[in-house]
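> Residue numbers (the numbering used here): 246 to 679. From the three backbone atoms N, C-alpha and C, an ideal C-beta is built for every residue, glycine too.
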Amino acid sequence: MPTILTSFIGKGRLASEGEGKYVKTTYCFTAEDGSTRYEEASFFGVALWRYLNATGRQVDRWLIMGTGQSMWDALTTEMLTGKDESTFYDQHMDLWAEVEQSARAGDINDALLHEWEDALKPFVQPTELSLRIVGAGDTIQSQLRIWEALVEVTEFGDDKVDIILDITHAFRHQPVIAAFMVTLLRWLRNVSNVELYYGAFEMACGGAECPVLHLKLVNELLQATEALATLRYTGSFMQLARVLRLNNEMRELIDSIAFREETNQQPRTDAERCLKQLHKLRSEEGNPIRRMLMDKLIEPLKWVHEETLAQRMAHRAEDAKRHGHYLKAIVLLYEALLVAACQMFKTGDPLTYDARQSAEERLNEHLIGTDKQTFKDIKDLRNTVAHGTVTQSEAVREALRSARKFRELFDDGMQLLKCLLERLKNSYIMHRHR
246 MPTILTSFIG KGRLASEGEG KYVKTTYCFT AEDGSTRYEE ASFFGVALWR
296 YLNATGRQVD RWLIMGTGQS MWDALTTEML TGKDESTFYD QHMDLWAEVE
346 QSARAGDIND ALLHEWEDAL KPFVQPTELS LRIVGAGDTI QSQLRIWEAL
396 VEVTEFGDDK VDIILDITHA FRHQPVIAAF MVTLLRWLRN VSNVELYYGA
446 FEMACGGAEC PVLHLKLVNE LLQATEALAT LRYTGSFMQL ARVLRLNNEM
496 RELIDSIAFR EETNQQPRTD AERCLKQLHK LRSEEGNPIR RMLMDKLIEP
546 LKWVHEETLA QRMAHRAEDA KRHGHYLKAI VLLYEALLVA ACQMFKTGDP
596 LTYDARQSAE ERLNEHLIGT DKQTFKDIKD LRNTVAHGTV TQSEAVREAL
646 RSARKFRELF DDGMQLLKCL LERLKNSYIM HRHR
């Protein structure tokens, strides 16, 4: 999977007046196993680039963004060492001098920076280098230049990419803007993971090395946010289960439950088992974020303790309507009416076709007035939407012309279902007290 590194480059601090060298900082990188690696640089992006390449994380593209006043001239002494630096100086002495003079004067332009980029590219291969003047990010125009640079560097066709954001240098608001832009690019480009690194200069004590913070939690938060949005706007909880990093058995169980629910099956036994296990995992979870995420995963499974089959179908029909899935909503509502009628008239197992057909006949005999018409319209709307047929019902035609009218007819059908369920409940209570 290609890896893209993005950095902002600031002005830098000169070691002393007239010397022409930038102050260097020693950065301390700590790996997951506790081992450390030190990199010295005046520009943290270079230290991070070296570290990633040295630890087996090949950087495929590197976008460096800055202003006309940024220390672009420091890139040679930072990226190149020994023979490469001498070769570069021999080949590009005049260009080097021009960039250094313009950087100190604060007036590097796009044309000069593009020439500088072309000169540096052969020396950082296989990393593909992009240098862009985007401005200070203090205007919409400047912020959109940041966006355009990110869009350009993340173009990898259908390949998934990882983005690493270096949020150390430049103005504080620039990396913040870029981080939110990358959140959007996860959907506009095929971005898989987002990582943040920060060279915490303020945390260094005296002349000690500067710790590097790998902000891993950010990617987990981003994935969790997207999973919760998917749950809210589609009703699907499979992505949330993946974010929680449950074991394979639990993931497969949740995927199976979600699939059977979407295909209108009734996985009550498995859902009960899953819910019990999730409650156990939640009680053992020490991470407060994951505990709250588990609460959200538990919610769509609570129906196993609270709802009959008809109530569950009604609940899912309401969810489908809320998400704008009108075909699913009307099909579930119609079938919920038949299931309730099966139980009300005791026509047999509501999971069988014959029982539901008998229940429909009994319901037509039993209902009168507006209730009878509502049931007929719900059935016609269901058939018309499911099969794409033409209807003679004016109420159904209106429902197909307007989402508002569709919802109104749906709500009438839902009210009829609630009446049936209430009668069924009362009948059960009376039977118990005989």
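Please classify R306 as buried or exposed, where buried requires at least 16 neighbouring CB atoms within 10 angstroms.
When all chains shown are included, R306 counts as buried.
> What is the residue span of the alpha helix (DSSP H) that T615 lies within?
614-632 is the extent of the alpha helix (DSSP H) around T615.
> Along the chain, where does the alpha helix (DSSP H) containing R282 start, and where does it finish?
Here R282 belongs to no alpha helix (DSSP H); instead the beta strand (DSSP E) covers 281-286.
> Figure out for me which residue from E563, M539, P533, E517 has the closest Cα to the Cα of E551.
Of E563, M539, P533, E517, the residue nearest in Cα terms is E517.
> Would you kindly check if the distance between the Cβ of S375 and the Cβ of D407 is under 8 angstroms?
Not closer than 8 angstroms, so no.
> Can the beta-carbon of A415 be found closer than 8 angstroms to that of I254?
Yes.
> Can at least three beta-carbon pairs, one atom from the stretch 341-357 and one from the stretch 316-325, be found at a separation below 8 angstroms?
Contact holds: three or more Cβ-Cβ distances are below 8 angstroms.
> Nearest to D403 by alpha carbon, out of N464, M246, E471?
Closest option to D403, Cα to Cα, is M246.
> Entirely within the stretch 319-385 and at least 4 residues each: give me those alpha helix (DSSP H) ranges in chain order.
Counting whole runs of 4 or more residues, the stretch 319-385 contains the alpha helix (DSSP H) stretches 319-324, 327-336, 338-350, 355-369.
> Does the Cβ of R627 have 16 or more other Cβ atoms within 10 Å, making it buried, or fewer, making it exposed?
Classification for R627: buried.
> Is the CB-CB distance between T413 and G444 below 8 angstroms?
A contact, by the Cβ cut-off of 8 angstroms.
> Please list the terminal residues of the continuous beta strand (DSSP E) segment that includes F253.
From DSSP, the beta strand (DSSP E) with F253 extends over 248-253.
> Would you say the stretch 266-274 touches the stretch 288-307, given that touching needs at least three Cβ pairs under 8 angstroms?
A contact exists between the stretch 266-274 and the stretch 288-307.
> Since D411 is in the beta strand (DSSP E), which residue starts that stretch and which ends it?
406-411 is the span of the beta strand (DSSP E), which, as asked, contains D411.
> Whole angstroms are fine: how far does the CA of G311 sit from the CA of L357?
Distance between the alpha carbons of L357 and G311: 14 angstroms.
> Could you say if the stretch 529-538 and the stretch 589-599 meet the contact criterion of at least three C-beta pairs nearer than 8 angstroms?
Too few Cβ pairs lie closer than 8 angstroms, so no.
> Against chain C, with Cβ distances strictly below 8 angstroms, would L572 count as a contact?
Among the chains of the structure shown, chain C does not appear; only one protein chain is present.
> To the nearest angstrom, report how far apart D540 and F620 are at their CA atoms.
Distance between the alpha carbons of D540 and F620: 37 angstroms.
> Using the Cα positions of D500 and Y478, report the straight-line distance between them to the nearest angstrom.
C-alpha separation (whole angstroms): 18 angstroms.
> With a CB to CB cut of under 7 angstroms and the five nearest residues on each side skipped, what residues in its chain are close to I502?
Answer for I502: P512, D515, A516, C519, listed in chain order.
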